[in-house]
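In full-length UniProt numbering, the protein residues as written are 1 to 100.
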Amino acid sequence: MYHANDNRSPLWAYIEENLAELGLVPAQLADALGIHRSRFTDWKRGKSMSVETARAMAKFLGKPILDILVVSGVLTAEEANPSGTRERSTSTATPRWCSK
């Protein structure tokens, strides 16, 4: 678990802990995601990852993508919480950004 006095970023701590639980090493993650290992340095320093990479990592680790998006800083816990205090839209309209 990540602690405030830990030198690892929350994302890197999450990755290491989940790899250890699976008996895997970071090189296996890099191969599975098709990324260069130098990305790990970015993550160790607290940089976030793309949604595409988070999706692939979630699948590889068997974890919910929202967990990874929150720990990587792409989303806040409040944004990822579907039962938060903000009302959710009931609209069935397609968002403009989905339109061609």
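The C-beta atom is built at its ideal place from N, Cα and C for all residues, glycine as well.
Being a predicted model, the structure only gives us computed values, none of them experimental.
May I ask you to report which of helix, strand or coil DSSP gives residue i?
i          : result
residue 53 : helix
residue 38 : helix
residue 75 : coil
residue 33 : helix
residue 7  : coil
residue 44 : helix
residue 18 : helix
residue 64 : coil
residue 26 : helix
Measure the alpha-carbon distance for residue i versus residue j and round it to whole angstroms.
i          : j          : result
residue 37 : residue 43 : 10 Å
residue 70 : residue 64 : 10 Å
residue 22 : residue 47 : 24 Å
residue 52 : residue 11 : 16 Å
Could you confirm whether any beta carbon from chain B is found closer than 8 Å to the beta carbon of residue i?
i          : result
residue 80 : In the displayed structure, chain B is absent; only one protein chain is listed.
Report yes if the C-beta distance between residue i and residue j is below 8 Å; otherwise report no.
i          : j          : result
residue 49 : residue 83 : no
residue 58 : residue 33 : no
residue 9  : residue 45 : yes
residue 61 : residue 7  : no
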